[in-house]
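The sequence shown begins at 15 in our numbering and counts up by one.
Beta carbons: idealized from backbone N, C-alpha and C, even for Gly.
To keep things clear, I will list the structure first and then write my remarks on it.
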Amino acid sequence: MHNSDRTPPKDKTLLQKLGPGLITGAADDDPSGIATYNQVGAAFGYGMLWTCVLTIPLMISIQIVSAQIGRVTGNGIAANIRGHFPPWLLRGLVGLLFMANTINIAADVGAMGAAVEMLGGGSWQHYAIGFGVVSLVLQVFVPFPRYAPFLKTLTLALFAYVGIAFVVEVPWGEVAYQVIVPSVPLTLAYAAGVVAVLGTTISPYLFFWQASQEVEEQRAEPGEEPLKEAPEQAPRNFARIKLDTYVGMVFSNLIAFFIMLTAAVTLNSHGVTNIQTSAQAAEALRPIAGDFAFWLFAAGMIGAGMLAVPTLAGSAAYAVAEAFKWKIGLGRELLRAKGFYMVLAVCTLLGVAINLAPVDPIQALFLSAVINGVIAVPIMAMIMLLSGRADVMGKFVVKRRLRVFGWLATGVMAVAVLVMFAGLAG
Numbered sequence: 015m016h017n018s019d020r021t022p023p024k025d026k027t028l029l030q031k032l033g034p035g036l037i038t039g040a041a042d043d044d045p046s047g048i049a050t051y052n053q054v055g056a057a058f059g060y061g062m063l064w065t066c067v068l069t070i071p072l073m074i075s076i077q078i079v080s081a082q083i084g085r086v087t088g089n090g091i092a093a094n095i096r097g098h099f100p101p102w103l104l105r106g107l108v109g110l111l112f113m114a115n116t117i118n119i120a121a122d123v124g125a126m127g128a129a130v131e132m133l134g135g136g137s138w139q140h141y142a143i144g145f146g147v148v149s150l151v152l153q154v155f156v157p158f159p160r161y162a163p164f165l166k167t168l169t170l171a172l173f174a175y176v177g178i179a180f181v182v183e184v185p186w187g188e189v190a191y192q193v194i195v196p197s198v199p200l201t202l203a204y205a206a207g208v209v210a211v212l213g214t215t216i217s218p219y220l221f222f223w224q225a226s227q228e229v230e231e232q233r234a235e236p237g238e239e240p241l242k243e244a245p246e247q248a249p250r251n252f253a254r255i256k257l258d259t260y261v262g263m264v265f266s267n268l269i270a271f272f273i274m275l276t277a278a279v280t281l282n283s284h285g286v287t288n289i290q291t292s293a294q295a296a297e298a299l300r301p302i303a304g305d306f307a308f309w310l311f312a313a314g315m316i317g318a319g320m321l322a323v324p325t326l327a328g329s330a331a332y333a334v335a336e337a338f339k340w341k342i343g344l345g346r347e348l349l350r351a352k353g354f355y356m357v358l359a360v361c362t363l364l365g366v367a368i369n370l371a372p373v374d375p376i377q378a379l380f381l382s383a384v385i386n387g388v389i390a391v392p393i394m395a396m397i398m399l400l401s402g403r404a405d406v407m408g409k410f411v412v413k414r415r416l417r418v419f420g421w422l423a424t425g426v427m428a429v430a431v432l433v434m435f436a437g438l439a440g
């Protein structure tokens, strides 16, 4: 029995209330995601900006549900799935998540390396190794209460992409019209672009990360308990989760919007419609928008990668460790969670190693997108099923409106995956 008379914590500032949701949203705009947003912006101009509005309520709903599962139960997504679904299903999904995250880490450290090479010369592969090692060392050896604020600070790097839009001339009237009344051409290429945006924006690793970060914060905060055991803590925690997630997901989509917008204004309007990587986008941007925009773009890519790599590696480690009932947590010392840190290290170092192998990065990212498509819908469906079960959530089963939007997000992703596979078959 927990004492409901414990002294309530002091009121936090707005910035202190922002944590897992903000970091999760910002991590979604990783260098490989930046490449996708540049691709669709260059290819379709302003015609894809409306997707950044569509994805906001979908992201918010599934991420709030994920966060509430973690905060209510005191366990991450994989641990909750393990208790209510077949082990073979969980381990299969977690194995695929590990593979997809590793490929994304490879793309992200490679993009960061390419950004430094563009800025100052040298070998992008050497820089990629350095970024991977630094990220790993920070996760393993810096205590979580000190590491989390560092991740929060890195979100500021993404404002570079907002800044670029104000360096170039933007026809805001036309932009607003295209967002409110978009023209949607019924072509396979356009459909593939929409699917790419959805798949980049609503990614499985984000569900695992935010839920597990809620657990980490609960364990790190004296007096905090899982809400099933301390229901009196629910009102302020649910309010914080809602605020944190709203801010994080709106921020995520705002950055995506400005990346697409910049690509549309600078690249598409100048006939550059085929962009494959973030580095190509930066190089193409330079003669059109100038050196300052180029430097902002490259600097933003480095900050985005430093935020995304620990999120990708960490979410894989949480998922695998929970699936096998290992001790977990960035808040634990290395020797107290050896399996967890082993997965984290292997995921990061394999991602670095891919950059040293004769692997086509575009094909690797395509494989990652397919894998994420395969696992996203069943994971989202299981999250929604868990969130409605009283034996999991106690009296905190998700409310009807959140449940409707969560299932809507799942349905939209299911359609996107079907379109993706139809395109592959065709």
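Exercise. State the Cα-Cα distance for the pair GLY187 and GLU131, rounded to the nearest angstrom.
Key: What you label residue 187 is simply residue 173 of the sequence shown in a count that begins at 1. What you label residue 131 is simply residue 117 of the sequence shown in a count that begins at 1. Going from the Cα of GLY187 to the Cα of GLU131 covers about 37 Å.
Self-check item: Of the residues VAL261, THR50 and ALA331, the one placed nearest VAL211, counting alpha carbons only
Solution: Locating residue 211 in the sequence shown gives position 197, where the first residue counts as 1. Of the listed residues, the one whose Cα sits closest to VAL211 is THR50.
Quiz item: SER443: which of GLN192, ALA93 and ALA234 sits nearest, CA to CA?
Solution: Outside the shown range of the chain, which is 15 to 440, sits residue 443, and nothing can be said about it.
Exercise. Grab me the residues of THR280's own chain with a C-beta within less than 7 Å of its C-beta, minus the 5 sequence neighbours each way, in chain order.
Key: By 1-based counting over the sequence shown, the position of residue 280 is 266. Same-chain partners within the cutoff: VAL182, LEU299, ILE302 and ALA303.
Quiz item: CA-CA distance, HIS16 and GLU238?
Solution: Against the sequence shown, residue 16 aligns to sequence position 2. Against the sequence shown, residue 238 aligns to sequence position 224. For HIS16, the pLDDT reaches just 43, beneath the cut-off of 50, and the residue's location in the model is therefore unreliable, although a value from the coordinates is still provided. Each residue's Cα considered, the two are about 10 Å apart.
Quiz item: Run through DSSP, which three-state label would TRP340 get?
Solution: Sequence index remark: in the sequence shown, residue 340 carries index 326 (1-based). Three-state result, TRP340: coil.
Quiz item: Curious, which full-length alpha helix (DSSP H) runs of at least 4 residues does the segment 379-426 contain?
Solution: 404-407
Practice problem: Measure the C-alpha to C-alpha separation of GLY55 and LEU200 and round it to an integer number of angstroms. | Solution: The count along the sequence shown starts at 1 and reaches residue 55 at position 41. The count along the sequence shown starts at 1 and reaches residue 200 at position 186. One C-alpha to the other measures close to 17 Å.
Self-check item: Spatial neighbours of GLY408 in its chain, beta-carbon cut-off 6 Å, leaving aside the 5 residues before and after
Solution: Numbered from 1 along the sequence shown, position 394 holds the residue referred to as residue 408. These residues qualify, in order along the chain: LYS242.
Quiz prompt | Straight-line Cα distance separating ALA430 from ILE389 | solution = On the sequence shown, position 375 is the one that residue 389 refers to. On the sequence shown, position 416 is the one that residue 430 refers to. Going by the C-alpha atoms only, they are around 13 Å apart.
Quiz prompt | Proximal residues to VAL412 (C-beta, below 6 Å), its chain only, five neighbours per side dropped | solution = Locating residue 412 in the sequence shown gives position 398, where the first residue counts as 1. VAL79 and SER401.
Quiz item: When burial is assigned at 16 or more other CB atoms within 10 Å of the CB, is TYR219 buried or exposed?
Solution: Locating residue 219 in the sequence shown gives position 205, counting from the first residue. Buried.
Quiz item: Is the segment 309-322 in contact with the segment 169-182, if contact means three or more CB pairs nearer than 8 Å?
Solution: yes
Exercise. Check the C-beta distance from GLN442 over to LEU63 and give it rounded, since I have them as a contact under 8 Å.
Key: Because the chain is modelled from 15 through 440, residue 442 falls outside the range shown and cannot be assessed.
Quiz item: Can you tell which of TRP340, VAL108 and LEU416 has the C-alpha that lies nearest to the C-alpha of ASN386?
Solution: Within the sequence shown, numbered from 1, the residue matching residue 386 stands at position 372. Nearest of TRP340, VAL108 and LEU416 to ASN386, Cα basis: VAL108.
Practice problem: Under the assumption that ILE91 contacts PHE252 (Cβ atoms under 8 Å), give the Cβ distance between them as a whole number of angstroms. | Solution: Here residue 91 refers to the residue found at position 77 of the sequence shown. Here residue 252 refers to the residue found at position 238 of the sequence shown. Between PHE252 and ILE91 the Cβ distance is about 18 Å, and since that is not below 8 Å, they are no contact.
Quiz item: Hey, out of GLU347, GLN53 and SER266, whose CA is closest to GLN153's CA?
Solution: Position 139 of the sequence shown, counting from 1, holds the residue named residue 153. It is GLU347.
Self-check item: Assumed close pair PHE419, PRO71 - CB separation to whole angstroms, cut-off 8 Å
Solution: Position 405 of the sequence shown, counted from the first residue, corresponds to residue 419. Position 57 of the sequence shown, counted from the first residue, corresponds to residue 71. That belief holds up - the Cβ atoms of PHE419 and PRO71 are roughly 6 Å apart, short of 8 Å.
Quiz prompt | Close-in-space but distant-in-sequence residues of the same chain around LEU6 (CB under 7 Å, 5 per side omitted) | solution = Lying before the first or after the last residue shown, residue 6 is absent from the chain, which here runs from 15 to 440.
Practice problem: Determine the direct distance from the alpha carbon of GLY59 to that of PRO34, and round the result to whole angstroms. | Solution: Within the sequence shown, numbered from 1, the residue matching residue 34 stands at position 20. Within the sequence shown, numbered from 1, the residue matching residue 59 stands at position 45. Rounded to the nearest angstrom, the two C-alpha atoms are 33 Å apart.
Exercise. Compute every distance between the C-beta of LYS413 and the non-hydrogen atoms of the ligand HEM, then say whether any falls below 6 Å.
Key: As presented, the structure is devoid of all ligands, the ligand HEM included, so that no description of it is given.
Exercise. Note down the Cα distance separating ALA296 from ILE273, rounded to an integer number of angstroms.
Key: Taking the sequence shown and counting its residues from 1, one reaches residue 296 at position 282. Taking the sequence shown and counting its residues from 1, one reaches residue 273 at position 259. Each residue's alpha carbon lies about 11 Å from the other.
Self-check item: Buried versus exposed, by CB contacts within 10 Å (16 or more), ASN138
Solution: Sequence index remark: in the sequence shown, residue 138 carries index 124 (1-based). Looking at the sequence provided, one finds Trp at residue 138 rather than Asn. Per the 10 Å Cβ criterion, buried.
Quiz prompt | Whole-angstrom distance between LEU150 and GLY353, CA atom to CA atom | solution = What you label residue 353 is simply residue 339 of the sequence shown in a count that begins at 1. What you label residue 150 is simply residue 136 of the sequence shown in a count that begins at 1. In a straight line, the C-alpha of GLY353 is about 15 Å away from that of LEU150.
Quiz item: Below 7 Å between beta carbons: does that hold for PRO392 and ALA121?
Solution: Here residue 392 corresponds to residue number 378 of the sequence shown, with the count starting at 1. Here residue 121 corresponds to residue number 107 of the sequence shown, with the count starting at 1. Cβ atoms of PRO392 and ALA121: not closer than 7 Å.
Quiz item: How about VAL229 and LEU32: are their beta carbons less than 7 Å apart?
Solution: Residue mapping note: residue 229 aligns to position 215 of the sequence shown, counting from 1. Residue mapping note: residue 32 aligns to position 18 of the sequence shown, counting from 1. Not in contact: VAL229 and LEU32 (Cβ atoms no closer than 7 Å).
Quiz item: Which word fits TRP223, buried or exposed, when buried means at least 16 other C-beta atoms lie within 10 angstroms of its C-beta?
Solution: As a working mapping, residue 223 is identified with position 209 in the sequence shown. With 16 or more other Cβ atoms within 10 Å, it is buried.
Quiz prompt | Beta-carbon proximity list for LEU395, same chain, < 8 Å, skipping 5 on both sides | solution = Along the sequence shown, one-based indexing puts residue 395 at 381. According to the sequence shown, residue 395 is Ala rather than Leu. Closer than 8 Å at the Cβ level, and outside the excluded window around ALA395, lie THR424.
Quiz prompt | ARG414 versus SER75: straight-line alpha-carbon distance, rounded | solution = Position 400 of the sequence shown, counted from the first residue, corresponds to residue 414. Position 61 of the sequence shown, counted from the first residue, corresponds to residue 75. Spanning the two alpha carbons is a distance of roughly 11 Å.
Quiz prompt | Local conformation of TRP1 per DSSP, three classes | solution = This structure leaves residue 1 out entirely; the chain is present only between 15 and 440.
Practice problem: For LEU299, name the three-state secondary structure that DSSP assigns. | Solution: Reading the sequence shown from its first residue, position 285 is the one you call residue 299. In this structure, LEU299 counts as helix in the three-state DSSP scheme.
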